[in-house]
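Participant: In my numbering, the protein residues as written are 139 to 303.
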Amino acid sequence: MFIFHDLKQDATDTAKFMDANLPCGLENHSVVKHYHSTMSIEYFQQTFEDFLNPNGTCRILYATAGAATVVIIQYGICKNIAEMIQQAGRAACDSDSTGLFLAVVETWALELDLGDAIGGTSNADRDKPYIGLVKVNSSKPDWTSIASLQFVQSKTCLREFVIVP
């Protein structure tokens, strides 16, 4: 299973935490690994081959970007719909395959009142940040797009959500 994170440190920290909390005897046996762009090509190839090998030890791979597989889990809301579509597209890269994209989002993303969004939610530019003008010290809820928030609060699949009638 691939689990995507927005930040390298999040992928690293989560993989280490999950590995440390595996049942006794499984921890530190490469069941959980992580990968990001500053790691070596050799490490990526070894990790990815182990992940794909039915007899390999790696079963869970945390990453910031990587290759496609059948199931993609996005941990944390994407900052905009374009990023969400990109991540979801990794689940089924060609027309002959099927895949599943699952977004595990923060509680605040489900509870934020979209009526409070700067400029309203009916604005044609739904990919603008929730708060409007983002500052250096803005938080993730502030800079997450209105469209991303609307999607995670809806009961619509991503494909239907992005198609404009």
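Glycine included, C-beta positions come from ideal geometry on N, C-alpha and C.
May I ask you to report which of helix, strand or coil DSSP gives residue 215?
Facilitator: Locating residue 215 in the sequence shown gives position 77, where the first residue counts as 1. In this structure, residue 215 counts as coil in the three-state DSSP scheme.
Participant: Mapping DSSP to helix, strand and coil, what is residue 164?
Facilitator: Sequence index remark: in the sequence shown, residue 164 carries index 26 (1-based). Residue 164 falls in the coil class under three-state DSSP.
Participant: Buried or exposed: which applies to residue 175, given that a residue is buried once 16 or more other Cβ atoms fall within 10 Å of its Cβ?
Facilitator: Here residue 175 is taken as the residue at index 37 of the sequence shown, counted from 1. Counting Cβ neighbours within 10 Å, residue 175 comes out exposed, since fewer than 16 surround it.
Participant: Does the segment 277 to 293 come close enough to the segment 216 to 231 that 3 or more CB-CB pairs lie under 8 Å?
Facilitator: Touching, yes.
Participant: Between 290, 301, 185, 177, which has its C-alpha nearest residue 251's C-alpha?
Facilitator: Translated into the one-based positions of the sequence shown, residue 251 becomes position 113. Measuring from the Cα of residue 251, the nearest candidate turns out to be 290.
Participant: State buried or exposed for residue 286, treating a residue as buried only when at least 16 other CB atoms are found within 10 Å of its CB.
Facilitator: Translated into the one-based positions of the sequence shown, residue 286 becomes position 148. Residue 286 is buried by the Cβ-count criterion.
Participant: Taking the continuous beta strand (DSSP E) assigned at residue 229, which residues delimit it?
Facilitator: As a working mapping, residue 229 is identified with position 91 in the sequence shown. Segment: none, residue 229 is in no beta strand (DSSP E) and carries neither H nor E.
Participant: From the DSSP output, in three-state form, read off residue 198 for me.
Facilitator: Mapped onto the sequence shown, residue 198 falls at position 60. Correct three-state label for residue 198: strand.
Participant: Sort 178, 267, 168 by Cα distance to residue 199 and report the nearest one.
Facilitator: Position 61 of the sequence shown, counted from the first residue, corresponds to residue 199. The candidate whose alpha carbon is nearest that of residue 199 is 168.
Participant: Assess, as a yes-or-no matter, whether the segment 153 to 170 is touched by the segment 191 to 198 under the definition of 3 or more beta carbon pairs within less than 8 Å.
Facilitator: yes
Participant: If we count the other Cβ atoms within 10 Å of its Cβ and call it buried at 16 or more, is residue 155 buried or exposed?
Facilitator: Along the sequence shown, one-based indexing puts residue 155 at 17. By the 10 Å Cβ count, residue 155 comes out exposed.
Participant: Taking the C-alpha atoms as reference points, what is the distance between residue 159 and residue 201?
Facilitator: Position 21 of the sequence shown, counting from 1, holds the residue named residue 159. Position 63 of the sequence shown, counting from 1, holds the residue named residue 201. The straight-line gap from Cα to Cα measures roughly 19 Å.
Participant: In this structure, does DSSP put residue 286 in helix, strand or coil?
Facilitator: Stepping through the sequence shown from its first residue, residue 286 is reached at position 148. Reduced to three states, the DSSP call for residue 286 is helix.
Participant: Per DSSP, which one or two residues make a beta bridge with residue 192?
Facilitator: The count along the sequence shown starts at 1 and reaches residue 192 at position 54. Paired residues: none, contrary to the question.
Participant: Measure the Cβ-Cβ separation of residue 240 and residue 211 and say whether it is below 7 Å.
Facilitator: Here residue 240 refers to the residue found at position 102 of the sequence shown. Here residue 211 refers to the residue found at position 73 of the sequence shown. Yes, Cβ-Cβ distance for residue 240 and residue 211 is below 7 Å.
Participant: Would DSSP call residue 223 helix, strand or coil?
Facilitator: Along the sequence shown, one-based indexing puts residue 223 at 85. Looking at residue 223 - three-state DSSP - the assignment turns out to be helix.
Participant: Within 10 angstroms of its Cβ, does residue 228 collect 16 or more other Cβ (buried), or is it exposed?
Facilitator: Taking the sequence shown and counting its residues from 1, one reaches residue 228 at position 90. Using a 10 angstroms sphere on the CB of residue 228, the tally of other CB atoms reaches 16 or more, which defines it as buried.
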